[in-house]
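Take a look at the structure set out below.
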RNA sequence: UGGGCAGUAGUUCAAUGGCAGAACACCGGUUUUUGGUACCGGGGGUUGUAGGUUCGAAUCCUACCUGCCCAGCCA
């Protein structure tokens, strides 16, 4: 990925700076070979390979083939093709999770020997029942304490195929009451008498994802393991297995939001349905969001990569507008697809001043004036032409710049055509136009429009496929009747077009712009003995269509389930229950409220032994109660979220000392925060730290004045804006002065000085 | 509902306690032998809500609201 800032790149950067992995960056792309890759996978590929590339690391391609059913070498080939198509190379780092089966088996034996795993004989249903629910703990398996030797023996028997599917599983012994359901003795192995596409019939047990994945990462020396948000809960397990077997530094998992695209479905199941029910030709149908489909449609891989890079990476669920993909495709193709002409909906035109059978070849540039590339092709100009039916209007709307009866228009590269006669049939349908072609600059009205055309006699018939979105709803899955209910009936429209001869001879895979129509690719199905097929990759932007036809009505709002009712224990109820168990808490609360704390603050401090003790100590040293509470509630708790209080070097005395420093004006609040951060790391008492670091505030009016004057002088435009009312620039000025003083200036004084200087 | 995660412009993302920005989308204009491209400009924001800490909060703390994930022997 290029230089975009995102939390994954920052993580790698931080690990590089801290030397976590000795400067190594190794990522992996781990598809399961049981389906085709789609544009959602493209995001993963660009992140996995791109980030490794950007930081001078490498990315492994590893097939996560831990479940033989549905997996096939067909998919491993198509996946490799797709990754290469996007422009990424894994070199010698092609791996299969199945290559690690022997190692994983040994790991399982080790965990059993260490009493951290066991063979369980519960049935599928029993396992489900004993797992509990999200609100109730599970119950331990009766086999949880099966003797190690028994488990070991059973494990070997399972491997050798001596037991039926479902008879036994291997489970990690973690915690059946864990609030994270993934940690309730998860399965490591299940029995499957199935043929594996690589290991054949040599195994009768296959490892589960959670057991295999992190350990496979660790085996390969992966440093950063990126996956999607739905694996967040699995991270605890990932760490459990990896840390049980490997010594640090171990790989870490980071989750990002998966890619969602408007008017598209990306779930494997729904894509299969589209194929199986015949809504599309197959996996490479140009309407499909599969990489095979995008390739067939002609979308350049570079545009897909650019698209993913522009979407960015974050942890927020989101829905990306397909218009962004269209944009990156056009942006890439504009300077790379030579121009050609073709008419999709032909209307015959006779040039009355060119004799029958007489024609000439005109040489037209392949590139418009603003693209600095050379090249031209010959285009036949004959008496009989075709133009686009919609480029002629008997009754033109306002602003119409094309042909009208008696009107004049430029035929691209050929001259100025004047429509002198409109031919119609019995039904009044327009069947053709007649008129004269004049050279450029001929007398007559100036023309506003230029239209494309093709020779009716020397042009070549072609089959053209116009591809549109597959669904009519932005979020097809949100439709109450399912995505199939909003299939777009016009997602694929076939036209008989007339194209210029130069295009008819282009080899399959050639991408061109048909002027005014869009970018097209010569389809691979094109054969010499039949009309060639062109697929439209993407239409040109059309600012006229938007103006000519009214905006489409907003899609119907997605139906939502009525909100579940929240039944939550109120804070005070919970507090009451706690007091019943621990009556001393009531006394504490009384004392705290007597000290003048709010009920909320009192509850926070009174219910936590450590915090209460800290508070009591600090107050005993004479510190102001409110200040103590603010430090504990606002600053300390930010830290104790991550690290327990006991691990911090913070005493009530130190806190009191810090507060005294602030109230006596020895240090500023901002500095006090820095000091606080050092105190909890055990770097000494506040006074020691302040003295050692020279953190006392600068109150010398002359120095502050000098800094302030400098800032004011350096930003005359901002000073003016401030004086004109943009008072939110105050933060900017204060910030600049604070920065100049490296955070040591007394902000109150800075504000006073600035007040004077900015008053004008 | 127990746990986890997330809310910044119409959309996708930046801003790492100090001026709320970019791209796409939308709307104008200039250029143009593509109603394309390029260039210029514009509208758009109570940073989910309410409190608190701070000289100063999108950013730190709290509560609430909304959405997503977890009860496969799938990955």
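In my numbering, the protein residues as written are 1050 to 1809. For each residue, glycine too, the CB sits at the ideal point set by N, CA and C. Remember, predicted model here, so these are calculated numbers, not experimental data.
Report task. Please name the residue in 1519, 1550, 1187, 1531 whose C-alpha comes closest to that of residue 1538. Result -> In the first chain, the residue the question calls residue 1538 occupies position 489. Considering only alpha carbons, the answer is 1519.
Query raised in the report: Who are residue 1369's beta bridge partners in DSSP?
Result: One-based indexing of the first chain puts residue 1369 at position 320. Note: residue 1369 sits in a beta bridge opposite 1310.
Requested in this report: Pair every Cβ in the region 1112–1119 with every Cβ in the region 1250–1261, then say whether three or more of these pairs are closer than 8 Å.
Outcome: yes
Query raised in the report: Distance, Cα to Cα, residue 1492 vs residue 1507?
Result: In the first chain, counting from the first residue as 1, residue 1492 sits at position 443. In the first chain, counting from the first residue as 1, residue 1507 sits at position 458. Residue 1492 and residue 1507: Cα-Cα distance of roughly 29 Å.
Query raised in the report: Can you give, in chain order, each stretch of the beta strand (DSSP E) that sits fully within the region 1106–1189 and has at least 3 residues?
Result: 1107–1112, 1143–1145, 1166–1169
Query raised in the report: From 1557, 1534, 1584, 1554, pick the residue whose C-alpha is nearest to that of residue 1543; which is it?
Result: As a working mapping, residue 1543 is identified with position 494 in the first chain. Checked all of 1557, 1534, 1584, 1554; the closest Cα to residue 1543 is 1584.
Query raised in the report: In this structure, does DSSP put residue 1615 in helix, strand or coil?
Result: As a first step, residue 1615 is located in the first chain; it is residue number 566 there, counting from the start. With a pLDDT of only 37 at residue 1615, under the threshold of 50, the placement of this residue in the model should not be trusted, and no figure is reported.
Query raised in the report: In whole angstroms, what separates the C-alpha of residue 1110 from that of residue 1128?
Result: The residue labelled residue 1110 in the question sits at position 61 within the first chain. The residue labelled residue 1128 in the question sits at position 79 within the first chain. Whole-angstrom Cα-Cα distance: 10 Å.
Query raised in the report: With 16 as the cutoff for other CB atoms within 10 Å, does residue 1623 come out buried or exposed?
Result: Along the first chain, read from residue 1 onward, the residue named residue 1623 stands at position 574. Result: exposed.
Query - Closest by C-alpha distance to residue 1371, when choosing among 1291, 1413, 1524 - result: Mapped onto the first chain, residue 1371 falls at position 322. Minimum Cα distance to residue 1371 is reached at 1524.
Query raised in the report: Can you tell me whether residue 1064 is buried or exposed, with buried defined as 16 or more other CB within 10 angstroms of its CB?
Result: In the first chain, counting from the first residue as 1, residue 1064 sits at position 15. Under this definition residue 1064 is a buried residue.
Query raised in the report: Where does residue 1499 fall in DSSP's three states?
Result: Residue numbering aside, residue 1499 sits at position 450 when the first chain is read from its first letter. Residue 1499 falls in the strand class under three-state DSSP.
Query raised in the report: With residue 1343 and residue 1353 assumed to form a contact (beta carbons below 8 Å), what rounded beta-carbon distance in angstroms separates them?
Result: The count along the first chain starts at 1 and reaches residue 1343 at position 294. The count along the first chain starts at 1 and reaches residue 1353 at position 304. Going by Cβ atoms, the distance from residue 1343 to residue 1353 rounds to 6 Å, so yes, they are a contact pair.
Query raised in the report: Under 8 Å, do residue 1087 and residue 1315 count as touching if we go by C-beta distance?
Result: In the first chain, residue 1087 corresponds to position 38, counting from 1. In the first chain, residue 1315 corresponds to position 266, counting from 1. Contact: yes.
Query raised in the report: Between which two residues does the alpha helix (DSSP H) harbouring residue 1798 extend?
Result: The residue given as residue 1798 occupies position 749 in the first chain. Its alpha helix (DSSP H) spans residues 1796–1807.
Report task. On the DSSP bridge assignment, give the partners of residue 1414 in chain order. Result -> Numbered from 1 along the first chain, position 365 holds the residue referred to as residue 1414. In the DSSP output, where bridge partners are listed per residue, residue 1414 has 1425.
Query raised in the report: Taking the Cβ atom as the reference point for each residue, do residue 1391 and residue 1515 lie within a distance shorter than 8 Å?
Result: Here residue 1391 refers to the residue found at position 342 when the first chain is read from its first residue. Here residue 1515 refers to the residue found at position 466 when the first chain is read from its first residue. A distance of 8 Å or more separates the beta carbons of residue 1391 and residue 1515.
Query - Enclosing alpha helix (DSSP H) for residue 1550 [first to last residue] - result: On the first chain, position 501 is the one that residue 1550 refers to. 1550–1553 is the span of the alpha helix (DSSP H), which, as asked, contains residue 1550.
Query raised in the report: Does the region 1450–1458 come within contact of the region 1421–1429, defined as at least 3 CB pairs closer than 8 Å?
Result: no
**Report entry** Terminal residues of the alpha helix (DSSP H) in which residue 1782 lies
**Finding:** Position 733 of the first chain, counted from the first residue, corresponds to residue 1782. Residue 1782 -> alpha helix (DSSP H) spans 1779–1789.
Query raised in the report: Under a three-way DSSP split, which group does residue 1215 fall into?
Result: As a first step, residue 1215 must be located in the first chain, where it is residue number 166. Coil.
Report task. Kindly give me the distance between the Cβ atoms of residue 1587 and residue 1378, rounded to whole angstroms, as I take these residues to be in contact under 8 Å. Result -> Numbered from its first residue, the first chain carries residue 1587 at position 538. Numbered from its first residue, the first chain carries residue 1378 at position 329. Right, the Cβ-Cβ distance comes to about 5 Å (below 8 Å), so this counts as a contact.
Query - Distance between residue 1625 and residue 1616 (C-alpha atoms, nearest Å) - result: Here residue 1616 corresponds to residue number 567 of the first chain, with the count starting at 1. Here residue 1625 corresponds to residue number 576 of the first chain, with the count starting at 1. Below a pLDDT of 50, predicted positions are generally treated as unreliable, and residue 1616, at 46, falls in that range; no measurement from the model is reported.
Query raised in the report: Considering only residues of the same chain and omitting the five flanking positions on each side of residue 1434, which have a CB-CB separation below 7 Å?
Result: In the first chain, counting from the first residue as 1, residue 1434 sits at position 385. Only 1398, 1400, 1502, 1503, 1504, 1505 meet the Cβ criterion.
**Report entry** Pairwise C-alpha distance: residue 1780 and residue 1771
**Finding:** Stepping through the first chain from its first residue, residue 1771 is reached at position 722. Stepping through the first chain from its first residue, residue 1780 is reached at position 731. Between residue 1771 and residue 1780, the C-alpha separation is close to 11 Å.
Query raised in the report: If you draw a straight line from the C-alpha of residue 1333 to the C-alpha of residue 1132, how long is it?
Result: As a first step, residue 1333 must be located in the first chain, where it is residue number 284. As a first step, residue 1132 must be located in the first chain, where it is residue number 83. Looking at the two C-alpha atoms, the distance is approximately 15 Å.
Query raised in the report: Are there 16 or more other CB atoms within 10 angstroms of the CB of residue 1321, so buried, or fewer, so exposed?
Result: Position 272 of the first chain, counted from the first residue, corresponds to residue 1321. Classification of residue 1321: exposed, given that the 10 Å Cβ count is below 16.
Requested in this report: With a cut-off of 8 Å on the beta carbons, I'd call residue 1203 and residue 1190 a contact; round off their distance for me.
Outcome: Your numbering for residue 1203 matches position 154 in the first chain. Your numbering for residue 1190 matches position 141 in the first chain. The pair is not a contact, with the Cβ atoms about 13 Å apart (cut-off 8 Å).
Query raised in the report: Buried or exposed: residue 1467, going by 16 or more other Cβ atoms within 10 Å of its Cβ?
Result: Indexing the first chain from 1 puts residue 1467 at position 418. By the neighbour-count criterion, in which 16 or more other beta carbons inside 10 Å mark a residue as buried, residue 1467 falls on the buried side.
Query raised in the report: Nearest CA to the CA of residue 1471: which residue from 1463, 1707, 1482?
Result: The count along the first chain starts at 1 and reaches residue 1471 at position 422. That would be 1482, whose Cα lies nearest to the Cα of residue 1471.
Requested in this report: Could you pull out every residue in the same chain whose Cβ sits closer than 6 Å to the Cβ of residue 1609, ignoring the five residues on either side in sequence?
Outcome: Taking the first chain and counting its residues from 1, the one referred to as residue 1609 is at position 560. Residue placement at residue 1609 is poorly supported in this model, since its pLDDT is 38, which falls under 50; the coordinates are not used for a value here.
Query - Within 8 Å, strictly: CB atoms of residue 1107 and residue 1142 - result: As a first step, residue 1107 is located in the first chain; it is residue number 58 there, counting from the start. As a first step, residue 1142 is located in the first chain; it is residue number 93 there, counting from the start. Yes, Cβ-Cβ distance for residue 1107 and residue 1142 is below 8 Å.
Query raised in the report: Taking the alpha carbon of residue 1522 as the point to measure from, which residue in 1490, 1312, 1629 has its own alpha carbon closest?
Result: In the first chain, the residue the question calls residue 1522 occupies position 473. Of 1490, 1312, 1629, the residue nearest in Cα terms is 1312.
Requested in this report: Put residue 1704 into one of helix, strand or coil per three-state DSSP.
Outcome: In the first chain, residue 1704 corresponds to position 655, counting from 1. Reduced to three states, the DSSP call for residue 1704 is helix.
Query raised in the report: Where does residue 1607 sit, in a helix, a strand or coil, going by DSSP?
Result: For the purposes of this step, residue 1607 is identified with residue 558 of the first chain, where counting begins at 1. Any reading at residue 1607 must be qualified, since the residue scores a pLDDT of 40, below 50, and its modelled position is unreliable; no value is offered.
Query raised in the report: Straight-line CA distance for residue 1611 to residue 1305?
Result: Residue numbering aside, residue 1611 sits at position 562 when the first chain is read from its first letter. Residue numbering aside, residue 1305 sits at position 256 when the first chain is read from its first letter. Any reading at residue 1611 needs caution, since the residue's pLDDT is 38, under 50, leaving its predicted position unreliable; the model's value is listed next. In this structure, the straight-line span from the alpha carbon of residue 1611 to that of residue 1305 is close to 29 Å.
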